[in-house]
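Below: one structure, written as structure tokens.
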Amino acid sequence: MGKDNIEQAIQKALEALGASGVAFVVERPGDLAHGDYATNAALAAAKPLGKSPREVAEELKAKLDEEIEGVEKIEIAGPGFINFRLSREAILGEVQKAATDKSWGQNDLYKNKTVMVEYTDPNPFKEFHIGHLMSNAIGEAIARTLENAGAKVIRANYQGDVGPHVAKAIFGLLELGFENPTSEQLGQAYVLGASRYEESAEYKKRIDEINKAVYEKTDPEVNALYAIGRKVSLAHFEELYKMLGTKFEHYFFESETSAKGLALVGENTPSVFEKSDGAVVYKGEKVGLHTRVFINSQGLPTYEAKDLGLLQSKIEKAAFDQSVTVTANEQTEYFKVMLAAAKEIPALQNIAEKTTHVVHGMMRFAEGKMSSRKGNVITGESLLMDIQEAAKEKMQSRELADAEKVASQVAVGAIKYTVLKQGSGKDIVFDREKSLSLEGDSGPYLQYAHTRAASLVQKARAAGVSDKVESVQDVEEFLGALMLDRLLIHYPSVGARAAHELEPHHVTTYLTELAAAFNSWYAQVRVIDGDYPSYALLLAEAVEQTLGKGLELLGIPAPKEM
RNA sequence: GCUCCCGUAGUUUAAUGGAUAGAAUGCCUCCCUCCGAAGGAGGCGCUGCAGGUUCGAUUCCUGCCGGGAGCACCA
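Using the numbering used here, the letters of the first sequence map in sequence onto residues -4 to 557.
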């Protein structure tokens, strides 16, 4: 019932008219008042058939009128669109699914597929910054939309546990005398080390020595600080993942990809890589890109080589059909070169071809005050805590069972919504006031609509309202100008599109529209003591489940109360 | 200089080549004897410029203007 039927029927009708090869689409019309589905088939077929679009539309309509089940009305509109209006029975059937079917909204685009999704990628010894927050929100949402499409998803996180930043943090720990640091002290230590590194050649030399000692494990004191720092840092990240709702299956570390990368580059020189000024490089110019260094002149692997090692580690860890990596968009060009090199390496060719790079932009702030106020950079976690505090203030007037938890959920929802509301790759402006104002476009707006629907359903049931609809007559009459049910039925195709394009923001956009439609409906309709209590309750249940499932797809928590 | 990405209401944004470019915010009105007003109803306001392809362009192509990122031993 629905889209697939309509597509097939149009295909048949086109064949009958002698225009079988024509490409057309069946989609939701921009304005649902036009119908539940629309097709441009007549417009597309007009030219090959040598007729006017309206003429073709008339002929198609005549064929389709005989063919389709579940459609109440077919209309021709505008330049030659054909609009389909589903029957009451068909709509009711879909709404019942939306209200009760546990598999509501699932699709099978990735049936029997395994996908590895790598995201977040923070570096131990350093702070969890806003880029990591964005990568996490997007990666988690992609992972969930893929699972919703039937995929088995392997969540992976790649962390830089060796390199100059580690040496800087250890240097800082030594200076500050922190033998058993907290994660905050570790952050301080890194900041100190990083500034010292720029300060003088002497400090730089010392830190470079520590870096070497970390790789070679020659200094017991360094080894000890390395071990404790790594542990504290990773444990702290786990707390954040828990709050954000992510659970990784695999953690990859640079300490393991280094050696693999070195070996891979070595084995493929000079066939793929070549020596240049003492370094080993890949000449990307031959494929329209640019040259990058894979092994520096000291013989150490750069990020490029380590990423090749990472590809190998991934292959060794699990079998999968597709690999998705989420990073900041500043790595776009870099990633192309790395993948181009990987494609020339026999052992990596296959995975390189299966890899998709998804990028996110940078987060900017509408108000510059937030950073200056604390006198330091806004990290991912300071942003989270800040928003959480603000949410708590907003909720003071309410009596909640667990205000602390709700504040955390609202904060996570506010931030994730901001990241997931627009197409990936573009910079994001985070407006603290706006994201928490809870008016209009925001995470809390969706959360509020969901808890409100849930509360309504609960009260209606307690009042003895049943969701069993006696007559389909009630459905149509009740509708009037309220398109809530006709909007609800499109949820599954939205999830499918998000999975297909790896673009979770389609879900965000749809949910915002649904929440708005529900709020408007709510203002006009009474469920308990209303004219059509059963269908109204069914709709409220459908909204509750659809918003609930949609929020789950986005990884946005749905508080029971707020 | 070269490569890539992006220009949509004052601001933040949506739109597989389709119908009157959809929201939010902002500003101006209005709505709680009623299931949650963190809500709802109405009003004002937008595709950078110039060409091209097309029945039809925010979308594709070319040029220009404007912004961002990357371009050899950082990650």
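Virtual Cβ for every residue (Gly too), placed ideally from N, Cα, C.
In the DSSP assignment, what are the bridge partners of residue i?
i, result
"Val148", "Val110"
"Tyr153", "Phe247"
"Met358", "Ile423"
"Ser318", "Met111, Thr350"
"Tyr105", "DSSP output for Tyr105 lists no bridge partner at all."
"Val470", "None, per the DSSP bridge assignment."
"Lys270", "Val275"
"Glu22", "Ala33"
"Phe76", "Ala72"
"His124", "Thr374"
"Arg287", "Tyr277"
"Ala323", "His355"
"Leu81", "Val66"
Buried or exposed: where does residue i fall if 16 or more other Cβ atoms within 10 Å of its Cβ makes it buried?
i, result
"Gly370", "Because the pLDDT at Gly370 is just 41, under 50, the model does not fix this residue reliably, and the value given afterwards should be weighed accordingly. So Gly370 counts as exposed."
"Arg139", "buried"
"Asn345", "exposed"
"Ser461", "exposed"
"Ser190", "exposed"
"Ala458", "exposed"
"Asn107", "exposed"
"Asn175", "exposed"
"Pro487", "buried"
"Glu536", "buried"
"Arg287", "buried"
"Ser515", "exposed"
Could you name the residues of the same chain whose beta carbon sits closer than 8 Å to that of residue i, not counting the 5 residues immediately before and after it, in chain order?
i, result
"Ser15", "Gln6, Leu9"
"Thr507", "Lys416, Asp436, Tyr440, Leu441"
"His285", "Gly279, Glu328, Val332"
Select from the options the residue whose C-alpha is nearest the C-alpha of residue i.
i, options, result
"Gly240", "Glu325, Ala336, Ile133", "Ile133"
"Phe232", "Val112, Glu122, Leu44", "Glu122"
"Ile1", "His495, Val21, Val17, Leu12", "Val21"
"Ala85", "Asn102, Gly(-3), Leu509, Pro159", "Gly(-3)"
"Ala449", "Leu509, Gly73, Pro554, Gln391", "Pro554"
"His160", "Leu259, Pro117, Leu128, Gly172", "Pro117"
"Arg150", "Phe173, His501, Met111", "Met111"
"Thr351", "Val321, Met557, Gly155", "Val321"
"Thr115", "Tyr530, Ile423, Ala323, Asp426", "Ala323"
"Pro119", "Gly438, Ala342, Ser228", "Ser228"
"Ala455", "Gly543, Glu67, Ser529", "Ser529"
"Ala11", "Leu27, Gly126, Glu54", "Glu54"
"Ser292", "Val353, Asp272, Lys281", "Asp272"
"Gly408", "Gly100, Val90, Gly545, Glu496", "Gly545"
"Gln317", "Ile523, His495, Glu89, Phe513", "His495"
May I have the straight-line CA-CA distance separating residue i from residue j, to the nearest angstrom?
i, j, result
"Lys463", "Leu533", "8 Å"
"Asn218", "Glu234", "25 Å"
"Asp469", "Val319", "47 Å"
"Arg521", "Leu59", "38 Å"
"Gln374", "Gly435", "Sequence inspection shows Thr at residue 374; the Gln mentioned does not correspond to that position. When rounded, the distance between both Cα atoms is 26 Å."
"Thr95", "Tyr32", "23 Å"
"Gly304", "Gly65", "55 Å"
"Leu378", "Asn131", "14 Å"
"Ala164", "Glu251", "20 Å"
"Met390", "Pro552", "17 Å"
"Arg225", "Phe79", "60 Å"
"Glu388", "Tyr412", "20 Å"
"Leu44", "Ile71", "18 Å"
"Pro215", "Asn206", "13 Å"
"Gln183", "Tyr221", "15 Å"
"Leu171", "Ile310", "42 Å"
"Lys68", "Ala52", "14 Å"
"Tyr192", "Val489", "50 Å"
"Glu62", "Ile484", "22 Å"
"His445", "Ala531", "16 Å"
"Gly363", "Glu399", "Reliability fails at Gly363, whose pLDDT of 47 lies under 50, so the model's placement of it is uncertain and the value that follows must be treated cautiously. Distance between the alpha carbons of Gly363 and Glu399: 27 Å."
"Arg368", "Gly525", "Here the model assigns Arg368 a pLDDT of 38, short of 50, so the residue's position is not dependable, and the following value carries that caveat. C-alpha separation (whole angstroms): 52 Å."
"Gln540", "Glu547", "10 Å"
Residues in the same chain with beta-carbon distance under 6 Å from residue i, minus the five sequence neighbours each way, listed in chain order, please.
i, result
"Ser366", "Low per-residue confidence applies at Ser366: pLDDT is 41, beneath 50, and the placement is therefore not dependable enough to give any value."
"Lys255", "Gly304, Gln307"
"Asn263", "Ile340"
"Pro48", "Ala37, Leu38, Ala41, Pro74, Gly75"
"Ala136", "Leu415, Pro499, Leu549, Gly550"
"Ala402", "Gln383, Ala386, Lys387"
"Lys349", "Gln317, Ser318"
In its own chain, which residues sit with a C-beta less than 7 Å from the C-beta of residue i, not counting the 5 before and 5 after it?
i, result
"Leu187", "Gly167, Glu170, Leu171"
"Leu542", "Leu441, Ala444, His445, Ala448, Leu506, Leu509, Ala510"
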